[in-house]
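Under mature numbering (1 follows the signal peptide of the UniProt record, and there is no 0), read the sequence shown as residues -19 to -1, 1 to 67, first letter to last. Positions of the beta carbon are idealized from the N, C-alpha and C atoms, including for glycine. Remember, it's a predicted structure, so these values are computed and weren't measured experimentally. Heads up: the structure comes next, in structure tokens.
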Amino acid sequence: MKRTTILFCLALFTFSCSNYTPEQGEAADFMCECMSDESIDDIDILYYKCNEESKAKFDKTIYSDEGYAKALNEKCPELNLVSEES
């Protein structure tokens, strides 16, 4: 019984830390779609614009952990916000 409880807790901890929430996924989808706008040539200005729109549209707590960065890295790797070395 003790072994089962420990294994369950370990599995729960592992899976809860490795993914992002559905809300973080939605925000990442929004950001990827916004970044595909070709009317602005400067990537820095476009990123700032999209980031501000995203933060205005979604709850600010979804940006508080690494889940949002993981979602962005998975959904639009061309932004490459999460280091491959970490």
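In the DSSP assignment, Ser20 falls outside any alpha helix (DSSP H), carrying neither H nor E.
Between the C-alpha atoms of Lys51 and Asn(-1) there is a straight-line separation of about 8 Å. Within the same chain, no Cβ atom closer than 8 Å to the Cβ of Asp46 is found once the five residues on either side in sequence are excluded. If the five residues before and after Thr2 are omitted, its C-beta is found closer than 7 Å to the C-beta atoms of Ile43, Gly48, all from its own chain and listed in chain order.
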